[in-house]
Every structure is written in structure tokens, then in C-alpha cells.
Amino acid sequence: MTISADQLARIALDAGKLIMDIYESDFDVDRKGDASPVTEADQRAETLILQGLAEAEPDLAVVAEESFSDGKVPEHGHRFALVDPLDGTKEFINKNGEFTVNIAIIEHGRPVMGVVYAPARDRLFVAESHNSAWQAEAAPGGDLPSSRRPLKIRPAPTAGLTAVASKSHRSPETDDWLGKFNVAETVGAGSSLKFCLIAAGEADLYPRMGRTMEWDTAAGHAVVEAAGGRVLTEDGTPLLYGKTERGYDNPHFIVYGDVTPA
């Protein structure tokens, strides 16, 4: 029994409803051991997602952010899941709506299926396979959308590229790197939405010259790759997953739409 993309989307929509209920309340903010913020929404959404995954595919090992922080790291083979129940906790706390639910399935180091859901924006992005992805409007906790638009990167605009950069982690190194390209506009975006903007043909380039963890990137990676984009490290090799020797952290990477890597 293996999980389907629609089942992933269903779980993400339900997690989004739980997250929005907390978002619209007076919630507390705690600190993890590394001083990063964590809320009730992170923890409760992860519990819901883990339960949904276990019901859909009982043998699926899951590496999830909050469990990992608590020292719970399952042994896994070539197929496993990566979960970030609330990517963009700072955006959640700041109430700017740019946070996402992220669930990805990994096989042999590659993300082969994934969902990114932005519940405050009703935007759902789903990679069904390595070459098929769609987006839809979807309300938190609502029905799975039947109206689905294919995701496809756009041709690079001749007037100049649109780059996306982190709202919380912009660096001079990022700005220097972007100087290699004809960038007409740089827009800020939170969480894994940056991958999805490229997949949706709303941007062309996203360099990340800072630390990320695998659960931060895997779902967005699945979506943008299924839409025709590429996610490469600085030396031009594909970004891979299951890097246990690195403690599941990523090297610097770049997301390319219709752009030749520098």
C-alpha cells in the first residue's frame, strides 16, 4: 500500500485547517534547543500529518522536523517521507500568511511526490510524479479541488528575470550571486513558496546561500522539478535527500526555471 498524491493533498488540507485555527487565536511561542521558534501549530500539525501518513502507508518511515528536534529519527531505506508541518514559523508568528505545510516522498535520494500548501492563501501545489504537477485554490480543511491547473515553468523573459529571495534569510552572498544574471526584479517570499512561484511561472530563479534542512526543501523541490525546473547545488550537481551523514542538512543550492545555470 503506497500513498497517492491526492492522499498527501488531503492530509495537507487538514493540517492547514488546524494551523489556521491556531493562527487566528492567541497562541504562545516557545523556543527549541537551537533557539528557533516553535508554536502549538507546528507540533499539533505534525501529529496530524504523521497519523495521516501512517494510515495511508503504514510502512513508510517519516523524518519530520519536530520529531527530529526531539531526537526521534527513524531508520529508513531508499523510500521515506520528509515533513515540515509548518514551514515559515517566523512568517506564521508575524502573521503575514507566507507559511506552508510541506510533505514529500523520497526515493533513491530524489523527491518523487510532494505537496506544498499555503493555508492562509488557499494555494495548493502538488507534484504527482517527477514530471506532472498541478496547482489549485483550496480552503483549509475543504474538499480536494477538482479544478486543477497544470504547473509549468515559464520561458525566461527577455526583459529580465524575476528572482525570489528569502524574507527572513537574505544575505550579501545571495545578492552577489544574482549579479551574474539579468535580473529585472527581486521579490521576497517566505517558506517553500519560493519553489512554487518558479513552478507556477511567476518567477525564474531562487538562490539559497544559507542553511536549510531537507524537510524545508523536499516538497517544494518535488513541485518545481515536476514543473520543469531544476534544483542544483553550487557545483551544479542535483540536490539529493537522505543525507544522514550531514544530519539531514542541505548544502547551498539554486532553483532554476528556464535559466542556464551559472
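Residues in the sequence shown are numbered consecutively from 32, following our numbering. Here a beta-carbon is modelled for each residue, glycine too, at the ideal position from N, C-alpha and C.
C-beta contact flag for residue i and residue j at 9 Å
i, j, result
"Arg-295", "Val-69", "Because the chain spans 32 through 293 in this model, residue 295 falls outside it and cannot be assessed."
"Ala-135", "Tyr-272", "yes"
"His-109", "Gly-128", "no"
"Ala-46", "Pro-181", "no"
"Ala-253", "His-107", "no"
"Val-114", "Leu-81", "yes"
"Arg-261", "Thr-205", "no"
"Val-94", "Leu-84", "no"
"Trp-208", "Asp-118", "no"
"Ala-257", "Ser-163", "yes"
"Ser-286", "Gly-241", "According to the sequence displayed, residue 286 carries Val and not Ser. No, these two residues do not count as a Cβ contact at 9 Å."
"Glu-77", "Ser-98", "yes"
"Pro-186", "Leu-155", "no"
"Ser-222", "Phe-284", "no"
"Leu-79", "Tyr-148", "no"
For residue i, the nearest candidate out of the options (CA to CA)
i, options, result
"Ile-184", "Ala-231, Thr-33, Ala-92 and Val-262", "Ala-231"
"Glu-71", "Ala-249, Ser-56, Phe-284 and Met-240", "Ser-56"
"Glu-216", "Glu-97, Met-32, Leu-236 and Leu-81", "Leu-236"
"Asp-73", "Pro-292, Leu-224, Leu-49 and Ala-258", "Leu-49"
"Pro-105", "Leu-44, Thr-275 and Tyr-287", "Thr-275"
"Gly-191", "Phe-99, Val-290, Ala-258 and Gly-241", "Val-290"
"Phe-58", "Ser-67, Lys-126 and Asp-101", "Lys-126"
"Phe-212", "Ser-197, Thr-189 and Gly-278", "Thr-189"
"Gly-173", "Met-51, Tyr-279, Thr-33 and Pro-116", "Met-51"
"Arg-277", "Pro-116, Met-244, Thr-268 and Ala-293", "Met-244"
"Thr-33", "Thr-120, Val-143 and Asp-153", "Val-143"
Close Cβ partners of residue i (< 6 Å) along its chain, the five nearest in sequence each way excluded
i, result
"Val-157", "Ala-36, Ala-40, Val-146 and Trp-165"
"Glu-159", "Ala-36"
"Val-195", "Val-218, Ala-220, Lys-225, Leu-228, Ala-234 and Tyr-237"
"Phe-111", "Ala-92 and Ile-137"
"Gly-288", "Ile-184, Ile-229, Asp-235 and Gly-260"
"Ile-53", "Glu-71 and Ala-72"
"Glu-96", "Asp-115 and Trp-246"
"Tyr-279", "Met-244 and Glu-245"
"Ser-100", "Lys-63"
8 Å CB neighbourhood of residue i in its chain, flanking five on each side removed
i, result
"Pro-282", "Thr-264, Glu-265 and Leu-270"
"Val-60", "Pro-68, Val-69, Thr-70 and Ile-124"
"Val-214", "Gly-191, Leu-192, Thr-193, Ala-194 and Leu-236"
"Pro-292", "Arg-261, Leu-263, Gly-267 and Ile-285"
Own chain residues within Cβ distance below 7 Å of residue i, not counting five before or after
i, result
"Ser-202", "Met-240 and Gly-241"
"Arg-152", "Gly-128"
"Ser-178", "Ala-167"
Threshold first: 3 residues or longer. Then list the beta strand (DSSP E) segments lying entirely within the region 94–159, N to C.
110–118, 131–138 and 141–149
Would you call the region 33–47 in contact with the region 155–173, where contact means no fewer than 3 C-beta pairs closer than 8 Å?
yes
Within the region 227–293, ranges of the alpha helix (DSSP H) (whole runs, at least 4 residues):
245–257
Contained beta strand (DSSP E) runs [length at least 3] in the region 158–200, N- to C-terminal order
163–168 and 192–197
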